[in-house]
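J.: Quick one: the structure is below, questions incoming.
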Amino acid sequence: HAIKMMEAKRGFAEDSPFHYSKVKRDEDKVKKTKQKRRKWLVSLYSEAVAKPEFQRQRTEPAPVEELNDEELQTHVKALVEWTQELDFDSYHLDWLRLATAAGN
99 HAIKMMEAKR
109 GFAEDSPFHY
119 SKVKRDEDKV
129 KKTKQKRRKW
139 LVSLYSEAVA
149 KPEFQRQRTE
159 PAPVEELNDE
169 ELQTHVKALV
179 EWTQELDFDS
189 YHLDWLRLAT
199 AAGN
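What the sequence shown shows, in the working numbering, is residues 99 to 202, in sequence order.
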């Protein structure tokens with residue numbers, strides 16, 4: 099029981115045990131980072147969908163099936179640009195900076 103408490107203090111989770119191989123640990127780290135990014139994107143999208151402005155916008159435009167090719171390309175281009183502007187890494191670093199600088 100004491101070991102589990104020590105591991106919890108160090109940030110170890112029971113579902114991600116220490117692996118002897120540095121390559122495997124690095125792979126796990128990349129995998130965990132990707133999972134965090136996905137979770138962040140889902141939360142961003144969920145928050146945006148919940149906003150009243152989004153609900154109004156969502157009911158105003160015509161369904162995709164009714165858009166002509168030019169309008170569809172415009173919507174697709176805007177969506178691609180929006181997703182490319184998302185920068186999880188800077189967002190994450192910003193939160194880390196805020197979390198550690200708050201005590202100063």
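By construction, the Cβ of each residue, glycine as well, lies at the ideal position given by its N, Cα and C atoms.
Which first and last residues belong to the alpha helix (DSSP H) in which Ser144 is found?
T.: Run containing Ser144: Lys120 to Ala148, per the alpha helix (DSSP H) assignment.
J.: Along the chain, where does the alpha helix (DSSP H) that runs through His44 open and close?
T.: Beyond the ends of the chain as shown, which are 99 and 202, falls residue 44; an answer cannot be given.
J.: Taking just the CA atoms, how far does Glu179 sit from Glu169?
T.: Going by the C-alpha atoms only, they are around 15 Å apart.
J.: State yes or no: is the C-beta of Leu139 within less than 8 Å of the C-beta of Leu184?
T.: Yes, the pair counts as a contact, with Cβ atoms nearer than the cut-off.
J.: Find out if the Cβ-Cβ distance for the pair Arg123, Phe186 is shorter than 8 Å.
T.: Going by C-beta atoms, Arg123 is not nearer than 8 Å to Phe186.
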